[in-house]
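Trainee: Residue numbers for the sequence shown follow the UniProt record's numbering, beginning at 1 and rising by one.
Backbone N, C-alpha and C fix where the C-beta goes; we use that ideal spot for every residue, glycine too.
Take this structure first; my questions come after.
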Amino acid sequence: MADAVVDENLSYTTPLPVTILTGFLGAGKTTLINYLLEHNHGERIAIIENEFGAVNVDGALLKKDSDVEIVELSNGCVCCSIRGELTQALHELLAKIDSGAFKADRLLLETTGLADPAPIVQAFFVDEIIRERIMLDAVITLVDSIHIIKQLDEHRVAASQIGFADRIILTKADSVDETHKERVLSRVNAINSKAEIFEAFNGALPKEIWIGIGAFDLSDALHVNQGFYQARDVQNIQFKSFSAQKQTQSWNDDITSYVFEAGELDIKKIGTFMENLVEEYGNDMLRYKGVLAVSSDERRLIVQGVHKVVGFDFGAPFEGERKSLLVVIGRYLPYEKLKTEFLQTVAS
Numbered sequence: 001m002a003d004a005v006v007d008e009n010l011s012y013t014t015p016l017p018v019t020i021l022t023g024f025l026g027a028g029k030t031t032l033i034n035y036l037l038e039h040n041h042g043e044r045i046a047i048i049e050n051e052f053g054a055v056n057v058d059g060a061l062l063k064k065d066s067d068v069e070i071v072e073l074s075n076g077c078v079c080c081s082i083r084g085e086l087t088q089a090l091h092e093l094l095a096k097i098d099s100g101a102f103k104a105d106r107l108l109l110e111t112t113g114l115a116d117p118a119p120i121v122q123a124f125f126v127d128e129i130i131r132e133r134i135m136l137d138a139v140i141t142l143v144d145s146i147h148i149i150k151q152l153d154e155h156r157v158a159a160s161q162i163g164f165a166d167r168i169i170l171t172k173a174d175s176v177d178e179t180h181k182e183r184v185l186s187r188v189n190a191i192n193s194k195a196e197i198f199e200a201f202n203g204a205l206p207k208e209i210w211i212g213i214g215a216f217d218l219s220d221a222l223h224v225n226q227g228f229y230q231a232r233d234v235q236n237i238q239f240k241s242f243s244a245q246k247q248t249q250s251w252n253d254d255i256t257s258y259v260f261e262a263g264e265l266d267i268k269k270i271g272t273f274m275e276n277l278v279e280e281y282g283n284d285m286l287r288y289k290g291v292l293a294v295s296s297d298e299r300r301l302i303v304q305g306v307h308k309v310v311g312f313d314f315g316a317p318f319e320g321e322r323k324s325l326l327v328v329i330g331r332y333l334p335y336e337k338l339k340t341e342f343l344q345t346v347a348s
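The following block contains the structure:
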């Protein structure tokens, strides 16, 4: 692959947001993308795929070479087919944007159905140019209501896709009965209790539900799903949002949500705890985010990471109770041991 040229001296005030869309084979990613392209509301979206599939790409071929193929659609969006290593392909896309080959307000990266999101997500953190030029917005995972239980039983990557999700889109839910749907929701929630779950009908889902949600911001928003499946309609658009109850039944899924709660923490002790946690178990921690109260500062301490890539920042001051909450989605973590060590970081 030829090296793409990105001018590092250029000033980029606003990073280009990217949404990663994942989900097992047949979950409906292409249908959702086609709906987005039909309802883009004038936003120029660059769809990045490993190769052109069933997405409607009728339009003018802007550029075709061995690495990146770009087709401009009639609504101002583009479809980019990439081959080879993702980081280099992203460099080349940035170079094409800089050269004026095409314009984009945001990126949407569609993974293949069998792709593990881990290396894809990490690509946006480890490369300096990509980290400065592209802002990871969210990982959105589509779940096929009909087949997901079988997929989880047979394919480890299906659980990884759910575990990495910031929001989960339930597809084909109108093709299963309520009992089956509740089994699906409970199993999904057992893997990832942090992600809010929405239901799409025939691939139709409002853009604001899954695009531009800022899930990777070091913000002080952290939610753990509680209660039962409460459906709500927004602006009379056909979709549902579910808040699933805490898992009470065990399955064989090897990815689980771990929740750590405490009061005010000692900043040095929690720093040591996080350092040891990431060093020893980072490879098994898919996603983690915490909003922590430290005794030495009135502000929230925000921590967020993917495997061994972690970031810290201070957020807004607490209003009301100062409580620390850390959610870790990972494989085979010694929860009781880690819970004890977490509680030992409480300020004396």
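(1) Note down the Cα distance separating residue 127 from residue 121, rounded to an integer number of angstroms.
(2) Taking the alpha carbon of residue 334 as the reference point, which residue from 254, 163, 294, 40 has its own alpha carbon closest?
(3) Could you check what DSSP says for residue 227 in three-state terms: helix, strand or coil?
(4) Quick check: residue 179 and residue 164, are their CB atoms within less than 8 Å of each other?
(5) Residue 274 and residue 303 look like a contact to me (Cβ under 8 Å); what is the Cβ gap, rounded to whole Å?
(6) Could you tell me the distance, in whole angstroms, from the CA atom of residue 42 to the CA atom of residue 341?
(7) Give the DSSP-derived three-state secondary structure of residue 44 in the structure shown.
(8) I'd like to check one pair, residue 104 with residue 45: are the Cβ atoms closer than 8 Å?
(9) Leaving out five residues on either side along the sequence, give the residues of the same chain with a beta carbon under 6 Å from the beta carbon of residue 159.
(10) Indicate the three-state DSSP secondary structure (helix, strand or coil) for residue 117 in the structure shown.
(11) Output the boundary residues of the alpha helix (DSSP H) element that contains residue 333.
(12) Is the number of C-beta pairs between the region 321-331 and the region 261-275 that are closer than 8 Å three or more?
(13) Cα-Cα, which of 315, 296, 280, 298 is closest to residue 290?
(14) Under a three-way DSSP split, which group does residue 27 fall into?
(15) Express the C-alpha separation of residue 136 and residue 49 in angstroms, rounding to a whole number.
(16) What residue range is occupied by the uninterrupted beta strand (DSSP E) comprising residue 314?
(17) List the DSSP bridge partners of residue 171.
(18) Measuring straight from C-alpha to C-alpha, what distance separates residue 214 and residue 39?
(19) From the DSSP output, which residues share a beta bridge with residue 301?
(20) Use the C-beta contact count for residue 189: other C-beta atoms within 10 angstroms, 16 or more gives buried, fewer gives exposed.
(21) Please report the straight-line C-alpha distance between residue 97 and residue 25, rounded to a whole angstrom.
(22) Please go through the same chain and pick out, in chain order, the residues whose beta-carbon is closer than 8 Å to the beta-carbon of residue 293, but skip the five residues on each side of it.
(23) If residue 146 and residue 175 are in contact, beta carbons under 8 Å, what's the gap, nearest whole angstrom?
(24) Measure the CB-CB distance between residue 22 and residue 111 and report whether it falls below 8 Å.
(25) If we ignore side chains and look at the alpha-carbon of each, how far apart do residue 298 and residue 279 end up?
Mentor: With the given structure in hand:
(1) Here the question's residue 127 lines up with position 127 in the sequence shown. Here the question's residue 121 lines up with position 121 in the sequence shown. Rounded to whole angstroms, residue 127 to residue 121 spans 11 Å at the Cα level.
(2) As a working note, residue 334 is residue 334 in the sequence shown. Closest option to residue 334, Cα to Cα, is 254.
(3) Here the question's residue 227 lines up with position 227 in the sequence shown. With a pLDDT of only 28 at residue 227, under 50, the local geometry of the prediction cannot be trusted, and the value read off the model is given with reservation. The answer is coil: DSSP assigns residue 227 none of H, G, I, E or B.
(4) As a working mapping, residue 179 is identified with position 179 in the sequence shown. As a working mapping, residue 164 is identified with position 164 in the sequence shown. No, these two residues do not count as a Cβ contact at 8 Å.
(5) As a position in the sequence shown, residue 274 is number 274, starting the count at 1. As a position in the sequence shown, residue 303 is number 303, starting the count at 1. Indeed, because the Cβ distance is near 6 Å, the residues count as touching under 8 Å.
(6) Translated into the one-based positions of the sequence shown, residue 42 becomes position 42. Translated into the one-based positions of the sequence shown, residue 341 becomes position 341. Each residue's Cα considered, the two are about 51 Å apart.
(7) As a first step, residue 44 is located in the sequence shown; it is residue number 44 there, counting from the start. In the structure shown, residue 44 sits in coil (DSSP, three-state: anything other than H, G, I, E or B).
(8) As a position in the sequence shown, residue 45 is number 45, starting the count at 1. As a position in the sequence shown, residue 104 is number 104, starting the count at 1. Against a cut-off of 8 Å, the Cβ pair of residue 104 and residue 45 comes out as a contact.
(9) The residue labelled residue 159 in the question sits at position 159 within the sequence shown. Excluding residues within five positions, the ones whose Cβ falls inside 6 Å are 152, 191, 253, 255.
(10) Looking up residue 117 in the sequence shown gives position 117. Helix.
(11) Your numbering for residue 333 matches position 333 in the sequence shown. Per DSSP, residue 333 belongs to no alpha helix (DSSP H) and is neither H nor E.
(12) yes
(13) In the sequence shown, counting from the first residue as 1, residue 290 sits at position 290. Nearest option by C-alpha distance: 315.
(14) Working through the sequence shown from its first residue, we reach residue 27 at position 27. Residue state, collapsed to three classes: coil.
(15) Start at 1 with the first residue of the sequence shown, and residue 49 comes out as number 49. Start at 1 with the first residue of the sequence shown, and residue 136 comes out as number 136. So the alpha carbons of these two residues sit roughly 16 Å apart.
(16) Translated into positions along the sequence shown, residue 314 becomes position 314. It spans 309-317 - the beta strand (DSSP E) in which residue 314 sits, taken as one unbroken run.
(17) Stepping through the sequence shown from its first residue, residue 171 is reached at position 171. Residue 171 is bridged to 144.
(18) By one-based count along the sequence shown, residue 214 stands at place 214. By one-based count along the sequence shown, residue 39 stands at place 39. One C-alpha to the other measures close to 20 Å.
(19) If you number the sequence shown from 1, residue 301 lands on position 301. The partner list for residue 301 (beta bridge, DSSP) reads 292, 314.
(20) Start at 1 with the first residue of the sequence shown, and residue 189 comes out as number 189. Answer is buried; the Cβ neighbour count reaches 16.
(21) Locating residue 97 in the sequence shown gives position 97, counting from the first residue. Locating residue 25 in the sequence shown gives position 25, counting from the first residue. Taking the straight line from one Cα to the other gives about 31 Å.
(22) Your numbering for residue 293 matches position 293 in the sequence shown. Once the five neighbours on either side are set aside, the close Cβ partners of residue 293 are 263, 264, 265, 300, 301, 318, 322, 323, 324.
(23) What you label residue 146 is simply residue 146 of the sequence shown in a count that begins at 1. What you label residue 175 is simply residue 175 of the sequence shown in a count that begins at 1. Contact flag correct, Cβ pair sits at about 6 Å.
(24) Reading the sequence shown from its first residue, position 22 is the one you call residue 22. Reading the sequence shown from its first residue, position 111 is the one you call residue 111. Cβ atoms of residue 22 and residue 111: closer than 8 Å.
(25) Reading the sequence shown from its first residue, position 298 is the one you call residue 298. Reading the sequence shown from its first residue, position 279 is the one you call residue 279. About 28 Å.
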